[in-house]
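Q: Numbering (our numbering), first residue to last: 98 to 444. Using N, Cα and C, we set each Cβ at its ideal position, and we do this for glycine too. Sharing a structure, written as structure tokens. Questions coming.
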Ligand code: AMP
Ligand code: MG
């Protein structure tokens with residue numbers, strides 16, 4: 098009798114131990130995993146929640162590094178290196194990987210849609226100004242004119258699937274590469290069963306789902322004048338991508354500031370009254386293309402562009418005179434955290 102009771106007690110202890118173990122294992126599997134690394138010339142962080150988070154983050158890192166190896170303009174052996182460094186006066190056909198063909202196809206779409214404000218064929222001009230090497234200079238007007246002759250992306254637009262490069266054409270996907278990498282990262286996380294994640298790819302933010310507690314993520318808009326974020330936006334399943342004149346620039350001998358975003362009509366860095374353009378939308382590659390393009394367009398054209406589209410994105414534009422302009426659907430998700438001189442909501 099005593100023995101039976103003892104056995105029963107052992108069984109209860111055993112079951113309690115098992116339950117405790119399962120509970121602990123269950124709570125450990127709902128963990129948060131943050132992985133940071135440097136790729137595509139920026140610092141990137143992936144923060145995922147849930148089972149497999151560490152393994153999923155590792156897959157993201159691997160994929161971003163693989164994409165960099167394909168899309169970098171400077172890594173020998175990348176598709177872009179091959180496209181940009183194949184000699185020949187004649188048109189030439191260059192075999193490329195699926196990812197490059199996809200970016201050319203989407204690049205063509207954005208080039209058309211933005212009337213050339215987004216132009217991946219500006220590479221020869223951007224390089225001449227020293228933005229790829231860090232050896233900055235202001236080229237002569239004649240040199241710029243000469244280089245601009247090779248920056249027409251239209252032949253590729255006509256036939257984006259076949260990579261037939263007109264002589265002299267050189268490409269750079271610096272304006273959409275990180276957004277595209279973010280989209281791939283989100284796909285990888287979803288395939289790994291992750292439902293909640295936040296990616297920060299050098300200031301390009303992409304969020305998957307909501308926060309683990311079901312509430313929206315709060316993402317800050319960087320202060321171009323230094324200091325705390327100037328606004329916060331609540332988001333889920335979206336990206337928030339910024340192009341800013343403060344990100345990369347040099348001061349010329351003439352004392353002028355030359356930024357890394359170029360106007361394809363002049364072959365010169367954009368000079369306008371904008372500090373930054375932030376795009377909020379679903380797809381990273383689209384947000385990245387538009388942040389660059391709307392910066393090039395300037396305020397009035399950017400507003401017109403938004404009004405003509407099917408409201409498939411929103412923007413927040415910061416102007417040099419300490420103003421903020423944003424699209425009306427954001428009214429329900431934006432909080433202003435800065436004492437702006439002017440606030441304008443575009444309908
Ligand atoms: P982002 O920071 O996304 O605006 O991208 C800027 C990068 O895209 C630059 O560093 C250049 O490599 C490239 N770029 C500059 N101007 C343009 C443009 N008008 N269209 C497409 N790419 C550009
Ligand atoms: Mg961009």
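Could you compute how far the alpha carbon of residue 208 sits from the alpha carbon of residue 384?
A: Looking up residue 208 in the chain shown gives position 111. Looking up residue 384 in the chain shown gives position 287. Cα to Cα, the separation comes out at about 14 Å.
Q: In three-state DSSP terms, what is residue 190?
A: Indexing the chain shown from 1 puts residue 190 at position 93. It is a strand residue.
Q: Kindly give me the distance between the Cβ atoms of residue 181 and residue 195, rounded to whole angstroms, as I take these residues to be in contact under 8 Å.
A: Locating residue 181 in the chain shown gives position 84, where the first residue counts as 1. Locating residue 195 in the chain shown gives position 98, where the first residue counts as 1. Actually they do not touch by this definition, with Cβ atoms about 19 Å apart.
Q: Count the CB pairs spanning the segment 197-204 and the segment 319-330 that are closer than 8 Å, and state whether there are at least three.
A: No contact exists between the segment 197-204 and the segment 319-330.
Q: So does residue 375 have its beta carbon nearer than 6 Å to some heavy atom of the ligand MG?
A: As a first step, residue 375 is located in the chain shown; it is residue number 278 there, counting from the start. Not so, every heavy atom of the ligand MG lies at least 6 Å from the Cβ.
Q: Do residue 370 and residue 416 come within 7 Å of each other at the CB atom, strictly closer than that value?
A: Counting from 1 along the chain shown, the entry for residue 416 is found at position 319. Counting from 1 along the chain shown, the entry for residue 370 is found at position 273. Contact: yes.
Q: Take the Cβ of residue 348 as the centre, count every other Cβ of all protein chains shown within 10 Å, and call the residue buried at 16 or more, exposed below.
A: To locate residue 348, count along the chain shown from 1; it is residue 251. Classification for residue 348: exposed.
Q: Tell me the DSSP secondary structure of residue 130 in three-state form.
A: Here residue 130 corresponds to residue number 33 of the chain shown, with the count starting at 1. DSSP places residue 130 in strand when its eight states are reduced to three.
Q: Can you tell me which of 339, 420 and 364 puts its alpha carbon nearest to the alpha carbon of residue 382?
A: Working through the chain shown from its first residue, we reach residue 382 at position 285. Among 339, 420 and 364, the Cα nearest to that of residue 382 is on 339.
Q: The alpha helix (DSSP H) that contains residue 389, what's its start and end?
A: Translated into the one-based positions of the chain shown, residue 389 becomes position 292. Residues 381-394.
Q: What three-state label does DSSP hand residue 160 in the structure shown?
A: Sequence index remark: in the chain shown, residue 160 carries index 63 (1-based). Helix, per DSSP.
Q: Hey, which unbroken runs of the beta strand (DSSP E) at 3 residues or more fall wholly within the segment 336-385?
A: Qualifying beta strand (DSSP E) stretches, in chain order: 346-348, 354-356 and 371-378.
Q: Check residue 299 in the structure and name its three-state DSSP category.
A: To locate residue 299, count along the chain shown from 1; it is residue 202. Here residue 299 sits in coil by DSSP.
Q: Are there any heavy atoms of the ligand AMP lying less than 6 Å away from the beta-carbon of residue 393, as far as the coordinates show?
A: If you number the chain shown from 1, residue 393 lands on position 296. Answer for residue 393: yes, Cβ within range of the ligand AMP.
Q: Which of the three DSSP states is assigned to residue 220 in this structure?
A: Mapped onto the chain shown, residue 220 falls at position 123. Note: residue 220 maps to helix in three-state DSSP.
Q: When we look at the beta-carbon of residue 119 and count the other beta-carbons within 10 Å, is it buried (16 or more) or exposed?
A: Here residue 119 refers to the residue found at position 22 when the chain shown is read from its first residue. Residue placement at residue 119 is flagged as unreliable, the pLDDT there being 41, under the threshold of 50; a coordinate-derived value is accordingly withheld.
Q: Using the Cα positions of residue 126 and residue 308, report the straight-line distance between them to the nearest angstrom.
A: Within the chain shown, numbered from 1, the residue matching residue 126 stands at position 29. Within the chain shown, numbered from 1, the residue matching residue 308 stands at position 211. Only weak support is given to the placement of residue 126: the predicted model assigns it a pLDDT of 46, under 50, and the value that follows is read from those uncertain coordinates. The straight-line gap from Cα to Cα measures roughly 16 Å.
Q: Pull every residue with its beta-carbon under 7 Å away from any heavy atom of the ligand MG, and keep them in chain order.
A: Ordered along the chain, the selected set is 272, 273, 276, 338, 340, 385, 386, 388 and 389.
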